[in-house]
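Data block below; observations after.
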Amino acid sequence: MKKVCFVTGENISSVEKKGVANLTELILDYTFEYPICVKYGEEERIKEYLKIYIGTKADNPYIKKNSTYTFSCPEEYHIKVSDDIAIIEGSDDNGVLYGCIDFYNKYLISLEYPHSDKFRINPFEEGVFPPFETSSHPAISDRGLWTWGHVIYDYKGYIDNMVKLKLNCIIIWNDFPPVNTKEMIDYAHLCGIRVLFGYEWGWGTDCNIFDLNTIDTMSKDIFHKYEKDYAHLGLDGIYFQSFTELDKEDIGGILIADAVTQLVNNTSKMFFDKYPDINLQFGLHATSVRDKLHYIKNTDKRIRIIWENCGAFPFKYLPSEVEGFEETCDFTKKILTLRGEDDLSGAVTKGLVKLDWLTFTHLEGAHILGVSSRSMKRNRIERKRKIWKYVQAYWLTNAGYAYDMVKLFKDITKGNTSIYALVEDGMFEENIMYPVALFSEMLWDTDTDIKDMIPEVSLRDYVTFA
């Protein structure tokens, strides 16, 4: 078996290093020996190695000299393999990272499981790379997870597992910004992941409505909270919810759709006047406004509306609840172009794992995010196993519904959209459960037939089954 070597340029980014690290981890399962890493120009000492050139044309001279591939999208990668050389090239740093992940997903696994009665072959045994070439870019531009922060028990593990799934953003909701927020954000950025924090805009925990005359005061309080608690954290955006998570259209005679639009527009003006480039994302629950969309249509177009609770799975908490899916698709078509063909829109999907609201209590102050003991995590994994078993069973049955919804988002928005899967308190930091891995692949690739995607994702060694 030949040894393996990674060849990079002189100055690769932290995100590209993350790609090299991930590929190292995945290759170790085959070689049982660390691939060595060298800079371009040192190939003389690695003549007998299998060489994997990693980077972009801008930072790897070998790739600049030998690649003729033309990129068309952010985060795109191109992989070309022949003899003893493989090239993993990205259009940008994230493209390199995802190319490293899919060198394993798309190439090494296909060699390991060649559809023969040998069942499993070590792809490095022959000492040469079988020829292979592919390129890919994300179907959905913003692919992420949504979670309450206090149920992340290892933030590095959580982020590392997001990387393996080619996810690039996370929304974290907290009662208070965690004490170690800056450290968590810095780590996420090293991994090519953007971080948005969520907090409420005019919605107390009891969902009390307000008198419309108090909107300006409320807007000032919301803006002050941002400047006091969030503006200095280095976030990539703010996600907010107001008082729309209800199953009725009005509170105390005040129409929710009208009131929330006034509050959001009044408040966002304060944000955009001072921070014109701020990324504001409005978590809007459709249950209370679905028949009053003419009010929501007036929401400031600079705000991305992130729709929730729009109907059947994948908007339901249970992946078994697919009744009414066609009506959900019809409603989705309306909301994705509500403010025009270029509407900034997105969704939080469900049907995975959520908080246990029967035992939930709000934190009384800031906490340390994502730090816990090994035994605590092990015990929690066991507590969640039965839940994942149910979720997995119905994802195996109903995955096609989720896939059709992702395709609908992609087709209408041309991929310029944000889809966050709600994955909270499910020990994702320890185990990448199969339904999460499958849905994440849907966000990247809307061209592969679901019958082919299901086994492809199943064969990934980092994916766990309940």
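Here the sequence shown stands for residues 6 to 471, where the numbers follow the numbering used here. We treat Cβ as the ideally placed atom computed from N, Cα and C, and that holds for glycine. Here the structure is a predicted model, which means the values were calculated and not measured.
Counting along the chain, Asp454 sits inside no alpha helix (DSSP H), nor does DSSP assign it H or E at all.
Between the stretch 115-126 and the stretch 327-344, the count of Cβ pairs shorter than 8 angstroms is below three; the stretches do not touch. According to the DSSP assignment, Trp153 belongs to the beta strand (DSSP E) that extends over 147-153. Of the candidates Thr272, Lys415, Val265, the residue whose Cα lies closest to the Cα of Ala291 is Val265. For Ile57, the enclosing beta strand (DSSP E) starts and ends at 55-60. Excluding the 5 residues flanking it on each side, Asp159 has same chain C-beta neighbours closer than 6 angstroms at Gly375, Glu434, in chain order.
Just so you know, the alpha carbons of Tyr399 and Phe444 end up roughly 13 angstroms apart. For Asn218, the number of other beta carbons within 10 angstroms of its own is below 16, and it is reported as exposed. According to DSSP, residue pairing for His83 in a beta bridge involves Glu94, Ser140. For Leu170, there is no enclosing alpha helix (DSSP H), as DSSP gives it neither H nor E.
As computed with DSSP, Ala352 is found in a beta bridge with Trp312, Ile424. Residue pairing of Met438 in beta bridges, as defined by DSSP: Thr469. Boundaries of the beta strand (DSSP E) harbouring Glu205: 199-205, taken from the DSSP string.
Using a Cβ distance threshold of 9 angstroms, Lys279 and Phe318 do not count as a contacting pair.
Its chain contains Tyr45, Gly60, Asp64, Asn65 as the residues whose beta carbon lies nearer than 6 angstroms to that of Gly14, once the 5 sequence neighbours on both sides are disregarded; these appear in chain order.
Secondary structure note for Tyr244: it is in no alpha helix (DSSP H), and the uninterrupted beta strand (DSSP E) holding it is 242-246. In this structure, Val428 sits near Val441, with a CB-CB distance shorter than 9 angstroms.
Rounded to the nearest angstrom, the gap between the Cα atoms of Asp34 and Asn27 is 12 angstroms.
Shown here, Ile373 sits in coil according to DSSP, grouped into three states, outside any helix or strand. In this structure, DSSP gives Asp234 a helical state, which the three-state scheme calls helix.
Scanning its chain for C-beta atoms nearer than 8 angstroms, with the 5 sequence neighbours on each side dropped, one finds around Lys69 the residues Lys62, Ala63, in chain order. With respect to the 9 angstroms criterion, Met438 and Trp393 are classified as neighbours on the basis of their beta carbons. Comparing alpha carbon positions, the residue from Val168, Leu102, Tyr322, Phe11 closest to Ile51 is Phe11. Taking the Cβ atoms as the reference, Gly203 lies roughly 4 angstroms from Tyr244, within the contact range of under 8 angstroms.
Listed in chain order, the non-local C-beta contacts of Glu81 below 6 angstroms within the same chain comprise Ser96, Gly100, His142, local neighbours out to five positions each way being set aside. Less than 9 angstroms divides the Cβ of Ile177 from the Cβ of Leu201.
In the structure shown, the three-state DSSP call for Thr13 is strand.
Short of 8 angstroms from the beta carbon of Pro182, and not among the five residues preceding or following it, lie these beta carbons of its own chain, in chain order: Phe202, Asp234, Tyr235, Leu238, Ala371. The alpha-carbon separation between Ala91 and Val133 amounts to approximately 10 angstroms. The criterion of a C-beta distance shorter than 9 angstroms is satisfied by Leu341 and Thr422.
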